[in-house]
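To start, the structure itself, in structure tokens.
Residue numbers (our numbering): 5 to 113.
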């Protein structure tokens, strides 16, 4: 089929589908009234509907800039703010298991 014929056919079906959308008829009743092939109507209606749907954006990677620090920052303590409002500060050398136990107790209050 030539491109021009295909373009004309799509324009004709676009007009038909637009008329259907403006009506309050079912697809079957609309096709019967206008002596249109229901399978062809369903095909073009679906094609135009998909063309009008917004395309999903594929998530991609976003570049992240990490600032370069001349001197490393020494961390002397670990500070935590808990959801229940408690705030804690532990020496940086505190054992992680001890911190976990303390946090569990504080969260239960």
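Backbone N, C-alpha and C define an ideal beta-carbon position, used for all residues, glycine too.
Since the model is a prediction, treat every value here as computed from it, not as a measurement.
For residue 113, there is no enclosing alpha helix (DSSP H), as DSSP marks it with neither H nor E. Residue burial annotation: residue 47 is exposed, with fewer than 16 other C-beta atoms found within 10 angstroms of its C-beta.
Residue 82 carries a strand assignment under DSSP once its states are collapsed to helix, strand and coil. Residue 41 has its alpha-carbon roughly 12 Å from the corresponding atom of residue 21. Residue 35 has no beta-bridge partner at all, per DSSP.
Your pair residue 111 and residue 80 does not check out as a contact, with CB atoms roughly 25 Å apart and the cut at 8 Å.
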